[in-house]
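This report concerns only the one structure given below.
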Amino acid sequence: MPRQDRLFLAFVLHRRDYGNTSLLLDILGSGQGRFPAIAKGARRPRQPASALLQPFQPLWLAVAGRGEVRTLTRVEGAGPPIPLQGRALLGGFYLNELLLRLLGRHDPQDPLFAFYQSALSRLAEDADLETRLRQFELRLLDELGYGVRLDQVAEDGAPVLADRLYTYEREHGVRHASERAAGPRLSGATLLALTNGERLADGQRREARVLLREILAPHLGARPLKSRELYQRWFGSGAIAESPQRRDPTTARPVDSEEPC
Amino acid sequence: MGERSLLNQLIDALRCLPGVGPKSAQRIAFYLLERDRDGGSRLARIMADAMTRIGRCSRCRTLTESELCELCANPNRDDALLCVVEQPSEVVAIEQATDYRGRYFVLGGRLSPLDGIGPDELGLAALESRLRDERLREVILAISPTVEGGATAHFIGDRAARHGVKITRIAHGVPLGGELEYVDGGTLALAFAGRRDL
């Protein structure tokens, strides 16, 4: 139980209106894990806290209360909001949705907080959205104890080779590719790039995306991810982001016709 | 007094009003019954009528009991201007506070994937067909400056750009009578970035 009124670094993962003037927040706090909290009166007019209590805004928070839902007692900005726009913003929503769906409450995950923070900053600064998302997914799975080994074949422990083909099966992990194997097929180079946190080449992005979907599926359950749906609707068909006036760094590259999440 | 007497039911029902807790609900119920039964009956009649007859305008999605709301039906308004807002109450606020004479489109919220609010829930297909079919000179986005509001604005901006329509958003900045020292950093930064010539 954290000492009360001590400030800690935090992000709001999600907020919704609560009562007439308050907000119910889902918070990821450094040393605190994910927990729900109420910001009383934050929706009254001229409440600076309302501007701060948003996703992707680094915060200093203090909370009171011992129950499941805490009460915020102090809110201060810990720097400017992370400037996510367009695709990167949807990537940010996707990270938040993954955390909301996969992370239990009140389970301190210190490394995860730091990794989330740096993942957001990286989403904001470069165009390689997919590599960032895949790295976050793998890291999240690791922290939750669902980590998978992608650099060796599960059956015989043989190291994965870049120029060979493999399949991934939920029950068994990475296997040598064969005709009767179920699950997605992918190249050893993709598996190694994922393991080493390297940038994914164009052809590898799709393989990595399909692989991670397969790995995440049993943990996410049947309910579809909403941020993934929005991404499909926004960028899926018609490539609307390609009009020259509104091109931002994340859309300046040729559009992969599918969603990255 | 029985557990589910009419009086108790009335008090319970009044609690659905925003800002009305058990105490105020009780006060309102006793006031209407003891002092203003006519007012209460009138409220009940109009409330029942409004709840069944008021729907959405087929063009701008604001609240109205007709097919088209007054603003959409008014021939004297500028068809080339379209202001996009989140809620019907904001149409009223803009009408009262500004001299805007164009048309409106009410989203009914903002894109919020984690709450399951996507383009369909906001009628963005209807907005897009207006962007495509109407000869719009400018689309003005009057959407809350929150993260979700930003996503919504960006989404509509993309669609408008595709149809070659000029898109603007209302200024974000220091409230009138506000002191700079007490304005939050984010607002101040936006106000500073959006400064203009005197």
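In order, the protein sequences belong to chains A and B. Okay, so the first sequence: first residue is 1436 according to the working numbering, each after it adds one. Okay, so the second sequence: first residue is 34 according to the working numbering, each after it adds one. Ideal placement from N, C-alpha and C gives every residue a C-beta, glycine not left out.
Give a yes or no on whether the minimum CB-CB distance between residue i and chain A is below 8 Å.
| i | result |
| --- | --- |
| Val172 of chain B | no |
| Thr220 of chain B | yes |
| Ala184 of chain B | yes |
| His187 of chain B | yes |
| Thr179 of chain B | yes |
| Asp71 of chain B | no |
| Asp217 of chain B | yes |
| Arg37 of chain B | no |
Considering residue i, what are the terminal residues of the beta strand (DSSP E) in which it resides?
| i | result |
| --- | --- |
| Asp112 of chain B | Asp111 to Val118 |
| Arg202 of chain B | Lys199 to Arg202 |
| Phe138 of chain B | Gly135 to Val139 |
In its own chain, which residues sit with a C-beta less than 7 Å from the C-beta of residue i, not counting the 5 before and 5 after it?
| i | result |
| --- | --- |
| Ala1554 of chain A | Leu1530, Arg1567 and Phe1571 |
| Ala1559 of chain A | Ile1517, Pro1518, Leu1519 and Ala1523 |
| Ala186 of chain B | Leu174, Ile176 and Arg202 |
| Leu169 of chain B | Ala113, Leu115 and Val198 |
| Arg110 of chain B | Leu104, Arg134, Gly135 and Arg136 |
| Leu1626 of chain A | Leu1585, Asp1586, Val1595, Tyr1601 and Val1609 |
| Cys90 of chain B | Thr97, Leu101, Cys102 and Cys105 |
| Ala193 of chain B | Leu164, Val172 and Ile200 |
| Pro1653 of chain A | Arg1605 |
| Arg1479 of chain A | Thr1456 |
Kindly say whether residue i, judged by its beta-carbon, lies nearer than 8 Å to any beta-carbon of chain B.
| i | result |
| --- | --- |
| Gln1520 of chain A | yes |
| Arg1681 of chain A | Here the model assigns Arg1681 of chain A a pLDDT of 34, short of 50, so the residue's position is not dependable and the matter cannot be decided. |
| His1386 of chain A | There is simply no residue 1386 of chain A to check, as chain A begins at 1436 and stops at 1696 in what is shown. |
| Arg1479 of chain A | no |
| Leu1665 of chain A | yes |
| Leu1524 of chain A | yes |
| Ile1675 of chain A | Here the model assigns Ile1675 of chain A a pLDDT of 30, short of 50, so the residue's position is not dependable, and the following value carries that caveat. It does: the Cβ of Ile1675 of chain A has a partner Cβ on chain B nearer than 8 Å. |
| His1449 of chain A | yes |
| Leu1555 of chain A | no |
| Ser1457 of chain A | no |
| Leu1575 of chain A | no |
| Pro1483 of chain A | yes |
| Arg1668 of chain A | yes |
| Phe1446 of chain A | no |
| Phe1528 of chain A | yes |
| Lys1661 of chain A | yes |
Between residue i and the rest of its own chain, which residues show a CB-CB distance below 6 Å, the 5 nearest in sequence each way excluded?
| i | result |
| --- | --- |
| Met80 of chain B | none |
| Trp1495 of chain A | Leu1442, Glu1511 and Ala1513 |
| Arg165 of chain B | His196 |
| Pro1493 of chain A | Ala1513 and Gly1514 |
| Leu1647 of chain A | Arg1569 and Glu1572 |
Quick one: what's got a C-beta closer than 8 Å to residue i's C-beta in the same chain, skipping five residues either side?
| i | result |
| --- | --- |
| Ala1617 of chain A | Thr1602 and Glu1604 |
| Gln1489 of chain A | Val1447, Arg1450 and Pro1516 |
| Tyr1453 of chain A | Leu1459 and Ile1473 |
| Pro152 of chain B | Leu144, Ala158 and Phe188 |
| Ser1556 of chain A | Ile1517 |
Would you mind reading off the limits of the alpha helix (DSSP H) that contains residue i?
| i | result |
| --- | --- |
| Val172 of chain B | Where Val172 of chain B is concerned, there is no enclosing alpha helix (DSSP H), although the beta strand (DSSP E) it sits in stretches over Glu171 to Ala175. |
| Val180 of chain B | Val180 to Arg195 |
| Gly72 of chain B | Arg70 to Arg86 |
| Thr150 of chain B | Just to set this straight, residue 150 of chain B is Ile in the shown sequence, not Thr. Here Ile150 of chain B belongs to no alpha helix (DSSP H), and DSSP marks it neither H nor E. |
| Cys102 of chain B | Cys102 of chain B -> no alpha helix (DSSP H), and no H or E assigned at all. |
| Arg1663 of chain A | Lys1661 to Tyr1666 |
| Ser1556 of chain A | Asp1545 to Glu1560 |
| Ala126 of chain B | Pro121 to Ala130 |
| Tyr1529 of chain A | Arg1522 to Leu1537 |
| Phe1571 of chain A | Leu1564 to Glu1578 |
| Arg163 of chain B | Leu157 to Asp166 |
| Leu43 of chain B | Leu39 to Leu47 |
| Ala226 of chain B | Gly218 to Ala226 |
Can you find a heavy atom of the ligand FAD that lies under 7 Å from the Cβ of residue i?
| i | result |
| --- | --- |
| Gly190 of chain B | Looking for the ligand FAD in the displayed structure turns up nothing, as the structure carries no ligands at all. |
Please list, in chain order, the residues of the stretch 124-155 of chain B that have any C-beta partner in chain A closer than 9 Å. Leu144, Ser145, Pro146, Leu147, Asp148, Gly149, Ile150, Gly151, Pro152 and Asp153
Which ranges would you report for the beta strand (DSSP E) in the stretch 1583-1636 of chain A if only whole runs of at least 3 residues count? Taking only runs of at least 3 residues, the beta strand (DSSP E) segments lying wholly in the stretch 1583-1636 of chain A are 1600-1604, 1608-1611 and 1620-1622.
Mind checking the stretch 43-64 of chain B against chain A and listing, in chain order, the residues whose C-beta falls within less than 8 Å of any C-beta there? Hits within the stretch, in order: Pro51 and Gly52.
Which ranges does the alpha helix (DSSP H) cover as unbroken runs of at least 4 residues, wholly within the stretch 1451-1517 of chain A, from first to last along the chain? 1483-1487
For the stretch 1485-1502 of chain A, enumerate the residues whose C-beta is nearer than 7 Å to any C-beta of chain B, in chain order. From the stretch 1485-1502 of chain A, only Ala1486, Leu1487, Gln1489, Pro1490 and Phe1491 have a Cβ closer than 7 Å to chain B.
Proximal residues, the stretch 1530-1549 of chain A versus chain B, C-beta separation under 8 Å: Asn1531, Glu1532 and Leu1535
Contact set between the stretch 1504-1517 of chain A and chain B, restricted to residues whose Cβ is under 8 Å from the partner: Gly1512, Pro1515 and Pro1516
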